[in-house]
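Heads up, the thing below is written out as structure tokens.
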Amino acid sequence: MTVSARPVGGGWTVRTDQGQPETRIHVPAGGRAAVNFTVLAGRSVARRTDRRLAFRATLDDHAEVPASVALIHLR
Numbered sequence: 581m582t583v584s585a586r587p588v589g590g591g592w593t594v595r596t597d598q599g600q601p602e603t604r605i606h607v608p609a610g611g612r613a614a615v616n617f618t619v620l621a622g623r624s625v626a627r628r629t630d631r632r633l634a635f636r637a638t639l640d641d642h643a644e645v646p647a648s649v650a651l652i653h654l655r
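For the sequence shown, the numbering used here begins at 581 and goes up steadily by one.
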């Protein structure tokens, strides 16, 4: 399975802990796996502005898993 974060834009950068925009992981049948991402706000990001961050996963047969969406906010 390949997991990636959709581009956020607006000065935000999202990368895996290895510095890549996506990572491959193995998830056993019926199991779960953790994937760490780093979210950085550039200087142009306005404070107190919410942005949606969507993560997507694609299975090895190219089927897509429904996106997981989080809200990010710079205080």
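Just so it is clear, CB atoms sit at the ideal spot from N, CA and C, and this is done for glycine as well.
Comparing C-alpha positions only, which one of the options sits nearest to residue i?
i    : options                   : result
D630 : M581, V583 and G590       : G590
L620 : M581, D640, P601 and H642 : P601
D597 : T618, G610 and D640       : T618
W592 : L639, D640 and R627       : R627
With distances taken between CB atoms, is the gap from residue i to residue j smaller than 7 Å?
i    : j    : result
L651 : V625 : no
T603 : V588 : no
R586 : A634 : yes
M581 : V615 : no
V649 : R632 : yes
Per DSSP, residue i is paired with what?
i    : result
V649 : A634
S584 : E602 and R636
L620 : T593
Drop a sphere of 10 angstroms on the beta-carbon of residue i, count the other beta-carbons inside from all chains shown, and report buried for 16 or more, exposed for fewer.
i    : result
A686 : One cannot answer for residue 686 here, as it falls past the ends of the chain, which runs 581 to 655.
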